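Undergrad:
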Amino acid sequence: MTTKWSYKAASSVWRNKKFRKGICLVLGQVDTGKTTLVRQLLEKALPATKTALVDADMGQSRIGPPTTVGWAIIENPEVPFESIKPGGLAFVGNTMPVNYMLQTLAAIKQCVDQAAKQAELVIIDTPGYVETAPAQALWWSVYQLVKPDTILAVARENELEPILEPLQSFNCYIKTVHPSDEIGQKSKEKRSRYRYERFMRYFAKSKRCDIDLNKVGIQYHGSQGMDNIEDRIISIRDRTGCDTAIAYVLGYHRRKKILTIQCPPIDRRRIRAIVIGDAKLPRGEQQL
0 MTTKWSYKAA SSVWRNKKFR KGICLVLGQV DTGKTTLVRQ LLEKALPATK TALVDADMGQ
60 SRIGPPTTVG WAIIENPEVP FESIKPGGLA FVGNTMPVNY MLQTLAAIKQ CVDQAAKQAE
120 LVIIDTPGYV ETAPAQALWW SVYQLVKPDT ILAVARENEL EPILEPLQSF NCYIKTVHPS
180 DEIGQKSKEK RSRYRYERFM RYFAKSKRCD IDLNKVGIQY HGSQGMDNIE DRIISIRDRT
240 GCDTAIAYVL GYHRRKKILT IQCPPIDRRR IRAIVIGDAK LPRGEQQL
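Residue numbers are given in numbering that gives the first Met the number 0: position 98 of the sequence shown equals residue 97, and the series is strictly consecutive.
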């Protein structure tokens, strides 16, 4: 949704040619209008510049399902991001980076690398996880691995300075814009409901499937192992190490090592590993 603020902010950013190619990392707290601003930047970029969006907000995912980082080539910024088929997914295993720093870092790196092969401009939209020391370390690490050409900081005051100040001396152009006072706050319940709806849409045409764990690898992106496995979100990984789909667990036969899952239609011959996260599929509104 275009707003007067997002139009003016995007116009100000786009006047600087540094933002027109390469990799742009967008940072800011929750409810600062990052995604609205990103959409406006996409309108500036297209159709002249082939542009990809990396959606690293794994709790409020628009490209791909929650628990993943997803990316896509954007052809029409007016089309809802939720309806765009991802160019690729990378599984994190939870809906926030907290306690999943390495998984988040690897997922962002993988998606940016894939997107950069196809696009002149890659914009990374991020969660509002910026205020703690671990958050600072995460974005410094993202900078080290991804090497963004520009950072667009959406800051109310100086809350992003602990992240940005140590990066000032590097070869990265940083621009700060201030959010509008008119941007509304999303409640925890609204965020949870959106996440639930995204899961339901993703699994709308899913099917039951049995996986013989004697024949595929098992990786863990969480701390629970195989305990309390029912309803846990897992990823299905192919021989290239890429995540092709997510699924949720219906049951596990420990003696036979058969995992029963619900997932979108997949070619089981391509499965080389499953990756087990800690997030669970919410079962109805009582768990939102």
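All C-beta atoms, glycine included, are put in the ideal place defined by N, C-alpha and C. Here the structure is a predicted model, which means the values were calculated and not measured.
On the premise that A55 lies in contact with A118, defined as a C-beta separation below 8 Å, what is that separation, rounded to the nearest angstrom?
TA: In fact, because the Cβ distance is near 16 Å, the residues do not count as touching under 8 Å.
Undergrad: Alpha carbon to alpha carbon, how far is D211 from R267? Give it in angstroms, no decimals.
TA: Using only the alpha carbons, I get a separation of about 10 Å.
Undergrad: Applying the criterion that 16 or more other CB atoms from any shown protein chain within 10 Å of the CB defines a buried residue, is R253 buried or exposed?
TA: Looking at its Cβ environment, which holds fewer than 16 other Cβ atoms inside 10 Å, R253 is exposed.
Undergrad: Using only alpha-carbon positions, find the residue among I123, E130, E156 and N75 that is nearest to V141.
TA: Ranking the options by Cα distance to V141, first place goes to I123.
Undergrad: If you run the structure through DSSP and keep just helix, strand and coil, what is E284?
TA: Low confidence applies to E284: its pLDDT is 45, below 50, so where it sits in the model is not reliable enough to give any reading.
Undergrad: DSSP three-state call for V121: helix, strand or coil?
TA: Here V121 sits in strand by DSSP.
Undergrad: Exposed or buried, which one is E284 when buried takes at least 16 other CB atoms within 10 Å?
TA: Since pLDDT at E284 reaches only 45, below the 50 mark, its modelled position is unreliable, and no value is offered.
Undergrad: Between A47 and A8, what straight-line distance do the alpha-carbon atoms span, to the nearest angstrom?
TA: Cα-Cα distance, rounded: 20 Å.
Undergrad: One question on the structure: do R272 and I228 come within less than 8 Å of each other, judged by their Cβ atoms?
TA: For clarity, residue 272 is Ala in the given sequence; the question names Arg instead. No. Outside cutoff.
Undergrad: Looking only at its chain, what residues have a beta carbon closer than 6 Å to the beta carbon of H220, apart from the 5 residues adjacent to it on each side?
TA: Here the set comprises G92, Q102, V274 and G276.
Undergrad: Can you grab the Cα-Cα spacing for the pair S186 / G58, in whole Å?
TA: For S186 and G58, the distance between alpha carbons rounds to 14 Å.
Undergrad: Please report the distance separating the alpha-carbon of S10 from that of D226.
TA: Roughly 51 Å separates the two Cα atoms.
Undergrad: Pick out whichever of M95, N98 and I62 has its Cα sitting closest to the Cα of S82.
TA: Ranking M95, N98 and I62 by Cα distance to S82 puts I62 first.
Undergrad: Quick check on the DSSP output: the alpha helix (DSSP H) that includes L24 runs from which residue to which?
TA: No alpha helix (DSSP H) holds L24; the beta strand (DSSP E) holding it covers G21 to G27.
Undergrad: Distance check for T131 and F202, CA to CA, integer angstroms please.
TA: Answer to the nearest angstrom: the Cα atoms are 34 Å apart.
Undergrad: Applying the criterion that 16 or more other CB atoms from any shown protein chain within 10 Å of the CB defines a buried residue, is Q39 buried or exposed?
TA: Looking at its Cβ environment, which holds 16 or more other Cβ atoms inside 10 Å, Q39 is buried.
Undergrad: Between Q261, D242 and I257, which lies nearest to A89 when the distance is taken from Cα to Cα?
TA: It is D242.
Undergrad: Looking only at its own chain, which residues have a Cβ that is under 7 Å from the Cβ of L280, when we skip the five neighbours before and after it?
TA: For L280, where only same-chain residues beyond five positions count, the Cβ hits under 7 Å are F198, D230, I232 and Y247.
Undergrad: Below 8 Å CB to CB, which residues in the same chain sit around H177 once its five sequence neighbours on both sides are set aside?
TA: Closer than 8 Å at Cβ, skipping near neighbours: V153, A154 and R155.
Undergrad: Provide the residue span of the beta strand (DSSP E) that contains V274, from first to last.
TA: Run containing V274: A272 to K279, per the beta strand (DSSP E) assignment.
Undergrad: Alpha carbon to alpha carbon, how far is V37 from R282? Give it in angstroms, no decimals.
TA: Taking the straight line joining both Cα atoms gives about 32 Å.
Undergrad: Below 8 Å, how does it come out for the segment 156 to 169 and the segment 19 to 28: are there three or more Cβ pairs, yes or no?
TA: Judged by Cβ distances under 8 Å, the segment 156 to 169 makes contact with the segment 19 to 28, as three or more pairs qualify.
Undergrad: Could you compute how far the alpha carbon of P31 sits from the alpha carbon of T125?
TA: Position check: residue 31 holds Thr in this sequence, whereas Pro was assumed. Roughly 12 Å between the two C-alpha positions.
Undergrad: Check each candidate in Y251, I73, N98 and A106 and name the one with the smallest Cα separation from L41.
TA: Among Y251, I73, N98 and A106, the Cα nearest to that of L41 belongs to I73.
Undergrad: List the endpoints of the continuous beta strand (DSSP E) containing T35.
TA: Where T35 is concerned, there is no enclosing beta strand (DSSP E), although the alpha helix (DSSP H) it sits in stretches over K33 to A44.
Undergrad: Where Q286 and Y172 are concerned, what is the direct C-alpha to C-alpha distance, given to the nearest angstrom?
TA: Model confidence at Q286 stands at a pLDDT of 41, short of 50, so the residue's coordinates are unreliable; what they give is reported in the following sentence. Rounded to whole angstroms, Q286 to Y172 spans 43 Å at the Cα level.
Undergrad: In terms of residue numbering, what span does the beta strand (DSSP E) encompassing F198 cover?
TA: Premise fails: F198 lies in the alpha helix (DSSP H), K187 to Y201, not in any beta strand (DSSP E).
Undergrad: Closest to V121 by CA distance: which of P64, G21, K43 and L104 is it?
TA: Of the candidates P64, G21, K43 and L104, the one whose C-alpha sits nearest the C-alpha of V121 is G21.
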